[in-house]
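When the letters of the sequence shown are read in order and numbered with mature numbering (1 follows the signal peptide of the UniProt record, and there is no 0), they come out as residues -23 to -1, 1 to 406.
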Amino acid sequence: MNKLRIIFLALIMTFLCTSTALAAWSITFNKTAYDLDHFSQPNKGIIQEKWSWREATSPTWINGYPSILEDNKDYLIKYEVQDKEGAWSLPDIKLISTRNINLPPVALFTVTPNPVVAGKALTYNDASYSPTGKPITSRSWRYQNPAGTWSAVSSTPPASFSTVGKYKIELIVSDGIMSSEPYYQDVEVIPDNNPPTVSFTMTPATNFYDFEPVTYNVSYSDPDGDPCGGYQWALRKNGGSWIYLSNPPSNYEAYGAGTFTLALRAIDIPKYPQQSAKWSHPSADPNTWFKRTFTVLEGFVMRGDIIPAPAERGRKIRIFARAVRPSDLSTRVDIDSATATIIDTSTGKAPAGFVPTTINLKYDAARKDWYGDYLIPSHITQKGKWPDNGTYEVIVTGRKAVTVKSCNVPFTIKGNILDRLINVTKKMQ
């Protein structure tokens, strides 16, 4: 029995056959199908295939493919594949002849990648064949450049192209007796991907307090028009180690005062999958990235005092509050406003139904203090609770922009001012 080997390749199908003078032919199919968009996947992007065949003189296609072919006949075999997106390839139909006649060979090849980056290697899959099973004895390659000029004929295909543009590659094969018709493949040569550029500004630019909000304005551009694929930030304080961040800080309270350097680089998304994504700054060392250096000043904490001490029921107290540096409590910090809440109910010393009072404090520019007065009630509604004798806490709160800082200021109540006045009156009598 004669053996016929059919090779199906990609979404283009080819075959190779050999024959002897027996009455029947057996067939072996070797096929490879792929989708260029998913070539790297295990199934190469193909989810389904479909075969059919018929005698050349028959109008009816038969599903599947034949295992035996009769001698002295012509057959057509059709192969189709479907990709992951559901699209079917154009059918590829091959003529198989078991007649004892000489047919010219068929030139056929694929080239990848396509498009190809200028200077990058091309890979060829030569699937040329003879319908009558004769071996291919010679191959003649040439190509047409973007200017329309044809190269000299060569026994090997071009390995790469250095100039951007569209090329046409031609192949003619011979079985030693007859030559094939030319077969062409168009190849687009694209430029290599260029890196983007990136920079940023920040507001405020330097000498701001650690609690202040900071905004950043990033400027990204790409010479190829590629969109940004992401940013990488890095921060270091006082020349120390770099800390890598997905986003820059909105304020620097978590880092404290110091001299900072903030670095940024960006990566693009190239137009073609054959191109490699490029960083604006290829080194992973932030010292080579776009950088800005700035000074962050120390923030503030709140402190306060209450006079007189001790306080008395029925008498006003004066509450003082000030914003100061954490490292130097004698250094004042300008803030926008301050309040005092009497009293801190979390201590459990408030009577049932008590509602704390919050007063706005006034600013004393000479002392750089905030102050306010509050009259302590003279009547006790629940023994052991506010305003009975004991120690209580006032919450003083300072605000600067969106930053809020608070501290508790303790004070003691002892007696009622009326008791002291009665005692003085009795002594005078």
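Cβ atoms here follow ideal geometry from the backbone N, Cα and C, with glycine treated the same way.
- If you check the CB distance, valine 386 and glutamate 370 come in under 8 Å.
- Serine 151: member of the beta strand (DSSP E) spanning 142 to 151, first to last residue.
- Rounded to the nearest whole angstrom, the CA to CA distance from aspartate 203 to proline 225 is 24 Å.
- With contacts defined as CB atoms closer than 8 Å, alanine 327 and isoleucine 320 qualify as a contacting pair.
- DSSP places tyrosine 11 outside any beta strand (DSSP E), giving it a letter other than H or E.
- In the displayed model, threonine 265 falls within a helix according to three-state DSSP.
- For isoleucine 154, same chain residues with a beta-carbon under 7 Å away, outside a window of 5 residues either side, are Asn79 in chain order.
- In this structure, DSSP gives leucine 239 an extended state, which the three-state scheme calls strand.
- A check of alpha carbon separations from lysine 145 across Ser128, Val164, Ser139 identifies Val164 as the nearest.
- For glutamate 370, the enclosing beta strand (DSSP E) starts and ends at 367 to 377.
- Residue environment analysis places tryptophan 363 among the buried positions, since at least 16 neighbouring C-beta atoms fall within 10 angstroms of its C-beta.
- Annotation: the continuous beta strand (DSSP E) that includes isoleucine 24 extends over 23 to 32.
- Note on aspartate 305: under 16 other CB atoms within 10 angstroms of its CB, so exposed under the neighbour-count rule.
- Among the bridge pairs identified by DSSP, alanine 288 is matched with Ile390.
- Contact between the region 189 to 203 and the region 167 to 180 is present: three or more C-beta pairs spanning the two stretches fall below 8 Å.
- Taken through DSSP and simplified to helix, strand or coil, serine 307 comes out as strand.
- The beta carbon of alanine 240 lies closer than 6 Å to those of Ala211, Pro263, Trp266, Lys268 in the same chain, with the five residues before and after it left out.
- Alanine 317 places its beta carbon less than 8 Å from that of glycine 349.
- Put simply, the backbone Cα of alanine 243 is about 7 Å away from that of threonine 174.
- Comparing alpha carbon positions, the residue from Tyr120, Pro190, Asn215, Gly125 closest to alanine 136 is Tyr120.
- Ranking Tyr106, Ser66, Asp48, Lys50 by CA distance to the CA of tryptophan 28 puts Ser66 first.
- Contiguous beta strand (DSSP E) elements confined to the region 160 to 203 occur at 160 to 167, 174 to 180, 192 to 198, taking only those with 3 or more residues.
- Annotation for valine 130: Ser117, Arg119 place their beta carbon closer than 6 Å to its own, counting only its chain and skipping 5 residues before and after.
- In terms of Cα proximity to aspartate 169, the closest of Ile246, Thr308, Asp12 is Ile246.
- A Cβ-Cβ contact shorter than 8 Å links threonine 114 with serine 151.
- Measuring C-alpha to C-alpha distances from aspartate 346 to each of Ser307, Phe86, Pro354, Glu47 identifies Ser307 as the nearest.
- By the C-beta density criterion, alanine 286 is exposed, having fewer than 16 other C-beta atoms within 10 angstroms.
- Apart from the 5 residues on each side of it in sequence, glutamine 252 sits with its Cβ closer than 8 Å to the Cβ of Val94, Ile167, Asp169, Asn170 in its chain, given in chain order.
- Listed in chain order, the beta strand (DSSP E) runs fully inside the region 73 to 121 are 86 to 89, 100 to 103, 115 to 121, counting runs of at least 3 residues.
- Taking each of Ala254, Ser107, Gly375 in turn and checking the Cα distance to leucine 85, the smallest one comes out for Ser107.
- Within the model, the alpha-carbon separation for threonine 100 versus tyrosine 11 is close to 15 Å.
- Apart from the 5 residues on each side of it in sequence, isoleucine 39 sits with its Cβ closer than 8 Å to the Cβ of Ser29, Trp30, Arg31 in its chain, given in chain order.
- Taking a 10 Å sphere around the C-beta of proline 82, we find 16 or more other C-beta atoms and assign the residue as buried.
- With contacts defined as CB atoms closer than 8 Å, alanine 342 and proline 190 fail to qualify as a contacting pair.
- It is roughly 53 Å from the alpha-carbon of glutamate 158 to the alpha-carbon of alanine 261.
- The DSSP-derived three-state label of leucine 338 is coil.
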